[in-house]
Structure formats: structure tokens, C-alpha cells
Amino acid sequence: MGDQYAVVLAAGQGTRMKSKTHKVLHPVCGKPMVQHIIDNLKAAGIDQILVVVGYGADSIQNQLKDTVQYAMQEEQLGTGHAVMQTRSLLKDKEGTVLVMNGDTPLVTPQTIEALFRVHEAQKAAGTVLTTEFGDPQGYGRIVRNANGDVEKIVEHKDATEEERNIREINTGIYCFDNRKMWDALSRVNNDNAQGEYYLTDVIEILKASGEKVIAHKTPDCDETVGINDRVQLARAEKILRNRILEEHMRNGVTIVDPDTTFIDAGVEIGRDTVIYPGSILRGKTVIGEDCRIGPHADIQNSRIENNIAIIHSTLSDCMVKEGTHIGPYAHIRPGSELGRGARIGNFVEVKNTTFGDGSKASHLAYIGDAEVGDNVNIGCGAITVNYDGSNKHKTVIQSDAFIGCNTNLIAPVNVGRGAYIAAGSTINKDVPDDALGIARVRQTNKENYAEKLRNKKSFGGK
Ligand code: UD1
Ligand code: CA
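Residue numbers (my numbering): 4 to 465.
Written out as C-alpha cells, the structure is:
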């Protein structure tokens with residue numbers, strides 16, 4: 004067995020997507036299509052990967068960085084022409100090259116490995132991965148001869164009525180003997196319906212020159228769906244979503260209603276965590292064991308430790324430590340770190356704040372750009388006034404402080420350890436440790452005034 008290489012074709016514009024975003028950068032379950040492909044190739048043990056870029060090359064290079072090598076296809080003259088652009092990097096190599104389209108992100112590492120295995124075991128010059136679709140519309144068809152051997156691939160647009168009835172399709176994934184592929188590629192022309200240099204013609208050329216060409220048919224047609232437009236994108240998303248959900252369930256996560264639960268590729272969840280309906284877990288989120296997530300939790304790029312409840316709440320780019328309870332209806336924004344056994348309740352917004360162990364903000368509060376110590380109690384309606392119209396300022400609330408209801412803490416301000424703030428205060432000066440800060444107008448009661456008012460009203464003419 005020689006070396007293994009992979010070429011991923013991603014230079015086409017993907018006009019059928021009708022999008023400003025490059026086709027292969029559209030996310031499927033949160034991860035760009037082409038990133039799925041690179042991750043799957045690497046998981047299959049292939050490290051030497053060439054990506055052919057052209058249209059929107061920068062955006063792809065920006066995504067994949069230096070994890071792969073690039074070849075440039077200045078003009079998109081077809082899939083065969085795209086492979087030709089890797090010539091200087093590949094043509095002298097011995098071994099097997101896998102070529103695949105950048106728009107088939109669901110193919111698993113197992114299938115890629117199996118394709119290599121079959122191709123190498125059979126000592127074929129070319130092996131095409133095929134599958135059968137009930138509706139093969141748009142795909143290249145596999146034409147076999149009377150013996151059942153692969154003869155050629157005919158594109159949908161070039162196919163005869165009879166050929167269009169063939170259900171076995173080209174998935175756009177192939178293994179080739181590298182040297183033989185280069186030989187055949189040099190003979191591909193663009194004499195077809197689209198005036199393009201088709202990679203698919205390599206199969207017919209190899210066959211005609213007496214080389215061994217075979218098909219490896221995979222039974223799981225879901226894996227090989229190619230994404231050309233947004234209808235296929237949604238189909239792929241659904242397939243991958245179910246795969247991800249099943250994997251979590253098999254690993255010990257309860258998902259009460261898989262139909263209304265959305266989990267991105269790469270999210271980690273610990274055992275015995277229960278996900279309730281309507282929840283969306285996105286990006287680089289990691290959730291521990293024994294958590295209760297949802298209903299309707301939207302969590303993005305966040306690290307959630309064990310035994311945490313998050314109910315009807317939105318969290319992004321934050322960290323939550325063990326035993327904390329969030330929601331219902333809380334919003335935890337980027338840069339926040341909530342301590343152990345904390346409580347963030349109804350209609351509380353927290354932004355860029357460290358919130359200490361055992362601290363509570365149970366109702367209707369805004370805590371932004373703050374450092375809150377341990378066992379602090381923040382009353383209903385309290386807010387940090389962190390923005391003066393041009394700059395953000397910090398509020399420090401030290402451990403064991405008690406912030407009365409409807410307090411305004413005008414930052415920058417420091418509330419000392421164990422201090423009390425009287426309800427309704429507007430605090431703009433530091434409060435020392437253990438002091439009571441009170442800043443509100445004193446109440447006056449006007450005796451019998453209410454009765455006077457009532458009388459006034461009843462005599463007031465209409
Ligand atoms: C291709 C196959 C078809 C197969 C289908 C599977 C050819 C001629 N046809 O058709 O047999 O059933 O995939 O999904 O190969 N690309 C370039 N440069 C180009 C043209 C395309 O890099 O000049 C890239 C595209 O970015 C894309 C991939 O090649 O990632 C496939 O191109 P696409 O236009 O989607 O081919 P299909 O029509 O789907
Ligand atoms: Ca395609």
C-alpha cells in the first residue's frame with residue numbers, strides 16, 4: 004500500500020445556493036461543509052489534503068488555515084479541470100488519491116476508509132463511490148455493461164432518457180491510482196452539454212484503455228447527499244442532526260423530543276443530562292453530567308459544569324460552574340462566569356461579569372461589567388449603571404453584600420464586603436465594608452392629606 008492523498012474540490016461558485024457566502028462554507032449543524040470534509044478525512048487517517056480553491060478562495064483559506072495545502076483554479080472549467088490544478092503538487096506521487104467534491108459533508112470516515120480498502124484490495128485504477136437514490140435527479144449516473152461492470156459516468160444533463168432511469172449515482176467521491184489518474188486526465192475534453200472538463204470522464208477513459216474500474220456501492224444514501232441548493236442543505240442538516248442526536252442518546256443523554264432539539268456538531272454533553280424540547284446547543288458548547296437543559300434553552304459556545312439547570316434561557320460565550328440554577332427567562336451574555344451554586348432567576352441579564360459562588364439575583368436585574376463576590380444577594384430590580392453614553396465602567400460588589408431592591412449602582416463603584424444597600428438607593432460613591440449605603444429621598448407623610456384629595460375630587464365640577 005502506497006501513500007494516501009486527498010483532493011477536495013471547492014473552487015466552484017455554487018450559484019444554485021444564491022448566496023453571498025461560498026457554498027462550501029455554509030454550515031451544516033453549525034460547522035462549515037468543507038470543515039466537515041477535512042475533519043472526516045483526517046479522522047480516516049488522511050493527512051495530505053489538497054483543496055482546490057478559486058471563487059472565494061480567501062474565505063476558504065481563512066476557514067481551513069494551514070491544516071491543508073491549496074491549489075488555485077483561476078477559471079472554473081469543470082471538476083476535471085479543478086483536479087488538474089493540483090498537477091505540480093501531485094503528479095509524481097506514488098499511491099492512491101481520493102478525490103471528492105466539497106459539497107458532500109456527510110460522508111463518514113468509515114465510508115472513506117472502506118473506499119480506500121476496496122480500491123486498494125482490488126488493485127483498481129479507479130473506484131467510484133456510488134449509491135442508489137429514489138430520485139437521482141441532477142446526479143451523474145453509473146452506466147454498467149452487460150456483465151455489470153462500470154463502463155462510464157454520464158452527467159444528468161448529458162444522459163439519454165434511458166440513462167436517466169438509472170438509479171445508481173455518482174457520489175462525487177473516487178479513489179484513483181495517482182499516476183493512472185494523471186494519464187487519463189490529460190485526455191479529458193470539454194465536449195459535453197456544459198462545455199466543462201468533467202472529472203467523471205476519467206472513469207470511461209481508464210476503462211477504455213483496459214484499466215480496472217470498479218464501483219463501491221454504499222447502502223447509506225443519506226451520507227452521500229450533495230448540497231447544491233438550500234433545499235439540499237436543509238435535507239443534509241436534518242440527516243446530520245439526527246445522527247448527532249442519536250450519538251448523544253447512545254452516550255447516555257436523555258433527549259425528550261429529538262424533533263425539537265438542535266445540537267451542533269462538536270457539542271459535548273455528559274451522562275444523565277436531560278435536554279427538554281425546544282433547546283438549541285451551538286458552537287463549542289460543553290455540558291456536564293446531570294444537568295437539566297430547557298425547555299427552550301439556547302446555549303452557544305459555553306461551558307456548563309455538572310448539575311446545572313438552565314430553563315427558558317439564552318447563554319452565549321460564558322462559563323457556569325457546578326450546581327447553579329438559571330432561569331426561567333435569563334440572558335447570560337459573553338464574558339460571564341457564574342460561580343458554584345449560584346442563582347440567576349427570572350428576567351435577569353448578566354453581561355461580562357464574574358458572579359461568585361452562592362450569589363443570587365433572583366428577579367429582574369441587570370448586572371453588566373461587574374465583579375460580584377460570593378454569597379451576594381442582589382434584589383429585584385437592581386441594576387448596574389455601567390454605561391455613561393460613551394464608556395463602560397465596572398461595578399465591584401464584594402462578598403456577603405446585600406443589594407436592596409431597585410438599587411442603581413452607578414459605575415465605577417465599589418460596594419464593600421458585607422455592606423448593605425437600602426432598597427431604592429442610587430449609589431454613586433463607594434460603600435465601605437459592613438456599612439449601610441442609603442441614597443434616596445426621605446419619606447414624608449402628610450397626615451389626612453388623602454382625605455383632602457378625595458374631597459377635592461368629589462367637588463371638582465365636571
Ligand atoms: C458532480 C458530478 C456528478 C455527481 C455529483 C455528486 C461532475 C462533472 N459531476 O456534479 O457526477 O453525481 O457531483 O454530488 O463531476 N468545482 C470546482 N471547479 C469547477 C467545478 C466544480 O472546484 O470548475 C467543485 C465545486 O466547488 C463543488 C464540486 O466541484 O464542490 C462539484 O461541483 P458541482 O458543480 O456541485 O457538481 P455537480 O453538478 O453536483
Ligand atoms: Ca454538487
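Cβ coordinates follow ideal geometry from the N, Cα and C atoms, glycine included.
query: Among the residues of its own chain, which have a CB less than 6 Å from the CB of D480, if the five just before and after it don't count?; result: Only positions 4 to 465 of the chain appear in the structure, and residue 480 is not among them; the question remains open.
query: What is the rounded straight-line gap between the Cα of V11 and the Cα of C178?; result: 12 Å
query: Exposed or buried, what is M103 when buried is set at 16 or more other beta-carbons lying within 10 Å of its beta-carbon?; result: buried
query: Taking the alpha helix (DSSP H) that E74 belongs to, which residues open and close that run?; result: Position check: residue 74 holds Ala in this sequence, whereas Glu was assumed. Counting along the chain, A74 falls outside any alpha helix (DSSP H), though it belongs to the beta strand (DSSP E) covering Q72 to M75.
query: From which residue to which residue does the alpha helix (DSSP H) around D204 run?; result: D204 to A211
query: Pull up the DSSP beta-bridge partners for Q7, would you.; result: T99
query: Restricting to Cα atoms, I'd like to know which of T264, S62, I115 and V31 is closest to H468.; result: The first residue shown for the chain is 4 and the last is 465, placing residue 468 beyond what the model contains.
query: Quick one: give me the first and last residue of the beta strand (DSSP E) that V54 is part of.; result: Q51 to V56
query: Consult DSSP for S22 and reduce its assignment to one of helix, strand or coil.; result: coil
query: Can you tell me whether D50 is buried or exposed, with buried defined as 16 or more other CB within 10 angstroms of its CB?; result: exposed
query: Buried or exposed, going by whether 16 or more other CB atoms sit within 10 Å of the CB of T447?; result: exposed
query: If you measure from the CB of Q66, is any heavy atom of ligand 1 nearer than 7 Å?; result: no
query: Contact between the region 180-190 and the region 124-131: three or more CB pairs below 8 Å?; result: yes
query: Going by the C-beta, is N309 closer than 7 Å to any heavy atom of ligand 1?; result: no
query: What does DSSP give as the partner residues of T429 in its beta bridges?; result: N411
query: So the candidates are P222, Q113 and V146; which of them puts its Cα closest to the Cα of G137?; result: P222
query: CA-CA distance, G491 and G141?; result: What the structure shows of the chain is the stretch from 4 to 465, and residue 491 is not part of that stretch, so it cannot be assessed.
query: Is P35 buried or exposed, if buried means 16 or more other CB atoms sit within 10 Å of its CB?; result: buried
query: Say the cut is 7 Å; is the CB of D232 nearer than that to a heavy atom of ligand 2?; result: no
query: Just confirm the distance between the C-beta atoms of G407 and G382, as a whole number of angstroms; I'd bet it's less than 8 Å.; result: 5 Å
query: Terminal residues of the continuous beta strand (DSSP E) containing F179?; result: E171 to D180
query: Rank G427, L412, A438 and F350 by C-alpha distance to the C-alpha of G421 and give the top, closest one.; result: A438
query: Determine the contact status of T133 and E171, defining contact as a CB-CB distance below 8 Å.; result: yes
query: Here's a check: name, in chain order, each residue in its chain whose Cβ is nearer than 6 Å to the Cβ of F405, leaving out the five neighbours to either side.; result: N380 and Y423
query: Any idea if V234 is buried or exposed, counting beta-carbon neighbours within 10 angstroms, 16 or more meaning buried?; result: exposed
query: What does the alpha-carbon distance come out to for the pair T471 and K45?; result: This structure gives no information on residue 471, because the portion of the chain shown stretches from 4 to 465.
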